[in-house]
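Undergrad: Chains as they are written, first to last, in our numbering: chain Z, 482 to 645; chain U, 482 to 645; chain L, 482 to 645.
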Amino acid sequence: TLAFANNKAISRDKPCKHMVLYFHNIMYNGTNQANATSIKIHDSHGALGPFDFGTLVVFNDPMTADHQLLSTPVARAQGFYFYDMKDNYNAWFALTLVFNSTEHKGTMSIMGDDIIALEERDLAVVGGTGDFFLTRGIATLRKNAVQGIEYFSLQMEIKLYECY
Amino acid sequence: TLAFANNKAISRDKPCKHMVLYFHNIMYNGTNQANATSIKIHDSHGALGPFDFGTLVVFNDPMTADHQLLSTPVARAQGFYFYDMKDNYNAWFALTLVFNSTEHKGTMSIMGDDIIALEERDLAVVGGTGDFFLTRGIATLRKNAVQGIEYFSLQMEIKLYECY
Amino acid sequence: TLAFANNKAISRDKPCKHMVLYFHNIMYNGTNQANATSIKIHDSHGALGPFDFGTLVVFNDPMTADHQLLSTPVARAQGFYFYDMKDNYNAWFALTLVFNSTEHKGTMSIMGDDIIALEERDLAVVGGTGDFFLTRGIATLRKNAVQGIEYFSLQMEIKLYECY
Numbered sequence: 482t483l484a485f486a487n488n489k490a491i492s493r494d495k496p497c498k499h500m501v502l503y504f505h506n507i508m509y510n511g512t513n514q515a516n517a518t519s520i521k522i523h524d525s526h527g528a529l530g531p532f533d534f535g536t537l538v539v540f541n542d543p544m545t546a547d548h549q550l551l552s553t554p555v556a557r558a559q560g561f562y563f564y565d566m567k568d569n570y571n572a573w574f575a576l577t578l579v580f581n582s583t584e585h586k587g588t589m590s591i592m593g594d595d596i597i598a599l600e601e602r603d604l605a606v607v608g609g610t611g612d613f614f615l616t617r618g619i620a621t622l623r624k625n626a627v628q629g630i631e632y633f634s635l636q637m638e639i640k641l642y643e644c645y
Numbered sequence: 482t483l484a485f486a487n488n489k490a491i492s493r494d495k496p497c498k499h500m501v502l503y504f505h506n507i508m509y510n511g512t513n514q515a516n517a518t519s520i521k522i523h524d525s526h527g528a529l530g531p532f533d534f535g536t537l538v539v540f541n542d543p544m545t546a547d548h549q550l551l552s553t554p555v556a557r558a559q560g561f562y563f564y565d566m567k568d569n570y571n572a573w574f575a576l577t578l579v580f581n582s583t584e585h586k587g588t589m590s591i592m593g594d595d596i597i598a599l600e601e602r603d604l605a606v607v608g609g610t611g612d613f614f615l616t617r618g619i620a621t622l623r624k625n626a627v628q629g630i631e632y633f634s635l636q637m638e639i640k641l642y643e644c645y
Numbered sequence: 482t483l484a485f486a487n488n489k490a491i492s493r494d495k496p497c498k499h500m501v502l503y504f505h506n507i508m509y510n511g512t513n514q515a516n517a518t519s520i521k522i523h524d525s526h527g528a529l530g531p532f533d534f535g536t537l538v539v540f541n542d543p544m545t546a547d548h549q550l551l552s553t554p555v556a557r558a559q560g561f562y563f564y565d566m567k568d569n570y571n572a573w574f575a576l577t578l579v580f581n582s583t584e585h586k587g588t589m590s591i592m593g594d595d596i597i598a599l600e601e602r603d604l605a606v607v608g609g610t611g612d613f614f615l616t617r618g619i620a621t622l623r624k625n626a627v628q629g630i631e632y633f634s635l636q637m638e639i640k641l642y643e644c645y
């Protein structure tokens, strides 16, 4: 198959692919093994203040097409984040979205900084495989829901600008 | 030096660079310091089931041109992986291949998900330096050998689609 | 807004954007919470020799435009590194530069290997957001200053080759 890149001229308003997904993270709390989708592998215990600077979490979270945790997942988000700020919550993320459905097969890799204090935070989509071969773009995070310290959900709006 | 990108039209069958390498990982077991090439820096001790979800390993592994551990390395693979699935082995990788030979000097950075249950798993090559300046492509992992819990080897087939 | 990529022909000598910044890292030592910008989240305690193979550090470091720690920061460098070599210091980095000034707003994500034994080490700039939307390039590290085990500073010369 021969494909032509669309990256000779790129308009931020005209991604070649656009998706909105919801990311659901349920932290392991010692007793919820069946439901947990993530685990804290380092707790910095407030060494650098109350915002968990240094605390590291590994996750394998369902991604749904609407904002409901219990909707059928359309992808998995696999990766990690750690908090990295002394005076507010701020998380550094690296993750891969894994699609394995009739609609999409392939992966998309993302890295960047989730500045939780902002309403919208942009991460970089830095590569992909399968249906997302060599893709690049932007993944914008917005708050969806938070429940206690164990559950949070983020909207992830993905705009891809290189599609092959 | 002026170079022209080959990425105006990309065919998946026609990478601008193609390599097959073998990655050899010898886990530190407490006594094999001389031979070990990797070290577990977090063990989740089965908190999320028998597949080591959350266990994190840092490595600096030789890459050889054939499948033998003892062949002369042609590169090093430096990075980390962690397991991230409850019901099977699945590893998330980020690594840099470091070449320093007469044939190649430079690095290639890779990230993605190694779905160990599949025969072939594609990771994204997201950038490079030196001879691999600004490169992008796909690194396909296939099983080469496993011996106990201390040694595994993977074939890595690299196809680059942006060569400058 | 419509932008044209400059990546049809790329000359290593002619980046579309060029910056020199200084990265300052002050390690948490148990008592310097107010000044610390980084924290060791795993110490391998010499398991694989004297060069800290496996030791992992999370940081949120000021970036200044000159080599002085106390100059006004122009960006933050947020990410992590770990040592990964048995016979010398060698660090694997993944980080995001976060700019939020009148001059630049946006992020740049970087990954690669800091071969500390070399005078110049190139890392890959693999993506960006905001003013650095979809950027790619090279970040070259050079030693700036080291003071004891708690402070080091690196010069980071950034050359971007895709600017939109």
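From the three backbone atoms N, C-alpha and C, an ideal C-beta is built for every residue, glycine too.
#1: Whose C-alpha, out of U:R493, U:P554 and U:Y632, is nearest the C-alpha of N506 (chain U)?
#2: For A556 (chain Z) versus N581 (chain Z), is the C-beta distance shorter than 9 Å?
#3: Alpha carbon to alpha carbon, how far is A598 (chain L) from L604 (chain L)?
#4: How far does the beta strand (DSSP E) with A517 (chain Z) in it extend, from its first residue to its last?
#5: Pull up the DSSP beta-bridge partners for E638 (chain L), would you.
#6: Contact criterion: CB-CB distance below 9 Å. Does G608 (chain L) meet it with respect to chain U?
#7: Nearest to T610 (chain U) by CA position, among U:Q628, U:L622, U:C644 and U:S634, is which residue?
#8: Within 10 angstroms of the Cβ of P531 (chain L), are there 16 or more other Cβ atoms? Answer buried if so, exposed if not.
#9: Looking at C-alpha atoms only, which residue of L:F614, L:S634, L:A620 and L:E638 is the closest neighbour of P496 (chain Z)?
#10: Using three-state DSSP, classify K586 (chain U) as helix, strand or coil.
#11: Applying the criterion that 16 or more other CB atoms from any shown protein chain within 10 Å of the CB defines a buried residue, is K640 (chain U) buried or exposed?
#12: With distances taken from CA atoms, which of L:T512, L:M592 and L:G527 is nearest T512 (chain U)?
#13: Please look up how many angstroms separate the CB atoms of M589 (chain L) and A575 (chain L), rounded, as I've assumed it's under 8 Å.
#14: For G608 (chain U), which residues does DSSP report across the bridge?
#15: Along the segment 623-639 of chain U, what residues have a CB closer than 7 Å to any CB found in chain Z?
#16: From what residue to what residue does the beta strand (DSSP E) around D542 (chain U) run?
#17: Considering Cα atoms alone, identify which of Z:V501, Z:I596 and Z:K521 is closest to N510 (chain Z).
#18: Does the CB of M592 (chain Z) have a neighbour CB from chain U at under 9 Å?
#19: For F532 (chain U), would you say it is in contact with chain L, using Cβ-to-Cβ distances shorter than 9 Å as the test?
#20: Determine, using beta carbons only, whether Y503 (chain Z) and Q628 (chain Z) come nearer to each other than 9 Å.
#21: Assign P531 (chain U) to one of three DSSP states: helix, strand, or coil.
#22: Sort L:I596, L:A626, L:S634 and L:V501 by Cα distance to F563 (chain L) and report the nearest one.
#23: Go ahead and pull the three-state DSSP assignment for P554 (chain Z).
#24: What does DSSP give as the partner residues of S525 (chain L) in its beta bridges?
#25: In angstroms, rounded to a whole number, what distance separates the CA positions of D547 (chain Z) and S634 (chain Z)?
#26: Does any CB atom of chain U fall closer than 9 Å to the CB of H499 (chain L)?
#27: Just mark D524 (chain Z) as buried or exposed, buried being the case when its beta carbon has 16 or more other beta carbons within 10 Å.
#28: Take D565 (chain U) as the anchor and find which of Z:D612, Z:R617 and Z:V538 has the nearest alpha-carbon.
#29: State buried or exposed for E545 (chain U), treating a residue as buried only when at least 16 other CB atoms are found within 10 Å of its CB.
#30: Taking Cβ-Cβ distances below 8 Å as the criterion, which residues of the segment 520-531 of chain L are in contact with chain U?
#31: What residues from the segment 554-573 of chain Z come within 9 Å of chain U, judged by C-beta to C-beta, listed N to C?
#32: Here's the rule: buried if 16 or more other CB atoms are within 10 angstroms of the residue's CB, otherwise exposed. What is T583 (chain U)?
#33: Which residues does DSSP pair with T577 (chain Z) in a beta bridge?
#34: I'd like to know if F618 (chain U) contacts chain Z, where contact means its C-beta is closer than 9 Å to some C-beta of that chain.
#35: If contacts are defined as beta-carbon pairs under 8 Å, then Q514 (chain L) and L529 (chain Z) qualify, I think. What distance do you get, rounded to the angstrom?
#36: Going along chain U, which residues have a C-beta under 7 Å from G611 (chain Z)?
TA: Concretely, from the data shown:
#1: Walking along the second sequence from the start, residue 506 (chain U) turns up at place 25. The residue among U:R493, U:P554 and U:Y632 with its C-alpha nearest the C-alpha of N506 (chain U) is U:Y632.
#2: As a working note, residue 556 (chain Z) is residue 75 in the first sequence. As a working note, residue 581 (chain Z) is residue 100 in the first sequence. Contact: yes.
#3: The residue given as residue 598 (chain L) occupies position 117 in the third sequence. The residue given as residue 604 (chain L) occupies position 123 in the third sequence. As the crow flies, the alpha-carbon of A598 (chain L) is around 15 Å from that of L604 (chain L).
#4: For the purposes of this step, residue 517 (chain Z) is identified with residue 36 of the first sequence, where counting begins at 1. Counting along the chain, no beta strand (DSSP E) covers A517 (chain Z), and no H or E run does either.
#5: Counting from 1 along the third sequence, the entry for residue 638 (chain L) is found at position 157. Beta-bridge pairing links E638 (chain L) to L:V501 and L:T621.
#6: Taking the third sequence and counting its residues from 1, one reaches residue 608 (chain L) at position 127. True, the Cβ-Cβ gap to chain U drops below 9 Å.
#7: The sequence position of residue 610 (chain U) within the second sequence is 129, counting from 1. Selected option, being the one with the closest Cα: U:C644.
#8: As a first step, residue 531 (chain L) is located in the third sequence; it is residue number 50 there, counting from the start. It counts as exposed.
#9: Stepping through the first sequence from its first residue, residue 496 (chain Z) is reached at position 15. The candidate whose alpha carbon is nearest that of P496 (chain Z) is L:F614.
#10: Along the second sequence, one-based indexing puts residue 586 (chain U) at 105. Correct three-state label for K586 (chain U): strand.
#11: Position 159 of the second sequence, counted from the first residue, corresponds to residue 640 (chain U). The residue is buried, with at least 16 neighbouring Cβ atoms inside 10 Å.
#12: Taking the first residue of the second sequence as 1, we reach residue 512 (chain U) at position 31. Comparing Cα-Cα distances from T512 (chain U) to each of L:T512, L:M592 and L:G527, the minimum goes to L:G527.
#13: The residue you call residue 589 (chain L) lines up with position 108 of the third sequence. The residue you call residue 575 (chain L) lines up with position 94 of the third sequence. Rounded to whole angstroms, the Cβ separation of M589 (chain L) and A575 (chain L) is 12 Å, and the two are not in contact under 8 Å.
#14: Numbered from 1 along the second sequence, position 127 holds the residue referred to as residue 608 (chain U). Note: G608 (chain U) sits in a beta bridge opposite U:S590.
#15: Residues: none.
#16: Mapped onto the second sequence, residue 542 (chain U) falls at position 61. Taken as a continuous stretch (DSSP letters only), the beta strand (DSSP E) holding D542 (chain U) covers L537 to T545.
#17: On the first sequence, position 29 is the one that residue 510 (chain Z) refers to. Distance from the Cα of N510 (chain Z) is smallest, within the candidate group Z:V501, Z:I596 and Z:K521, for Z:K521.
#18: Taking the first sequence and counting its residues from 1, the one referred to as residue 592 (chain Z) is at position 111. Chain U contact via Cβ: present.
#19: Taking the first residue of the second sequence as position 1, residue 532 (chain U) is located at position 51. Judged by the 9 Å Cβ criterion, F532 (chain U) is not in contact with chain L.
#20: Along the first sequence, one-based indexing puts residue 503 (chain Z) at 22. Along the first sequence, one-based indexing puts residue 628 (chain Z) at 147. No, the pair does not count as a contact, with Cβ atoms beyond the cut-off.
#21: As a first step, residue 531 (chain U) must be located in the second sequence, where it is residue number 50. DSSP, read as helix, strand or coil, puts P531 (chain U) in coil.
#22: Here residue 563 (chain L) is taken as the residue at index 82 of the third sequence, counted from 1. Residue nearest to F563 (chain L) within the set L:I596, L:A626, L:S634 and L:V501 is L:I596 (criterion: CA-CA distance).
#23: Stepping through the first sequence from its first residue, residue 554 (chain Z) is reached at position 73. Note: P554 (chain Z) maps to strand in three-state DSSP.
#24: Counting from one through the third sequence, the residue named residue 525 (chain L) turns up at place 44. Looking at the DSSP assignment, S525 (chain L) forms no beta bridge with any residue, so it has no partner.
#25: Looking up residue 547 (chain Z) in the first sequence gives position 66. Looking up residue 634 (chain Z) in the first sequence gives position 153. Each residue's Cα considered, the two are about 11 Å apart.
#26: Residue 499 (chain L) sits at position 18 when you count from the first residue of the third sequence. For H499 (chain L), the answer is no, since every Cβ of chain U falls outside 9 Å of its Cβ.
#27: If you number the first sequence from 1, residue 524 (chain Z) lands on position 43. Exposed is the label assigned to D524 (chain Z), since fewer than 16 other Cβ atoms lie within 10 Å of its Cβ.
#28: One-based indexing of the second sequence puts residue 565 (chain U) at position 84. Nearest C-alpha to D565 (chain U): Z:V538.
#29: On the second sequence, position 64 is the one that residue 545 (chain U) refers to. Checking the sequence shown, residue 545 (chain U) turns out to be Thr, not Glu. Under a 10 Å Cβ-count criterion, T545 (chain U) is classified as buried, with 16 or more other Cβ atoms of the shown protein chains found around its own Cβ.
#30: From the segment 520-531 of chain L, only H523, S525, A528, L529 and G530 have a Cβ closer than 8 Å to chain U.
#31: Only R557, Q559, G560 and F561 from the segment 554-573 of chain Z bring a Cβ to less than 9 Å from some Cβ of chain U.
#32: Along the second sequence, one-based indexing puts residue 583 (chain U) at 102. Residue burial is scored here from C-beta neighbours: T583 (chain U) has fewer than 16 other C-beta atoms within 10 angstroms and is therefore classed as exposed.
#33: Along the first sequence, one-based indexing puts residue 577 (chain Z) at 96. DSSP lists Z:Q559 and Z:S590 as the beta-bridge partner residues of T577 (chain Z).
#34: The residue labelled residue 618 (chain U) in the question sits at position 137 within the second sequence. As written in the sequence, residue 618 (chain U) is Gly, which differs from the Phe given in the question. Cβ-Cβ to chain Z under 9 Å: yes for G618 (chain U).
#35: Counted from its first residue, the third sequence places residue 514 (chain L) at position 33. Counted from its first residue, the first sequence places residue 529 (chain Z) at position 48. The Cβ separation is near 6 Å, so the contact holds.
#36: Start at 1 with the first residue of the first sequence, and residue 611 (chain Z) comes out as number 130. Within 7 Å Cβ-Cβ: D603.
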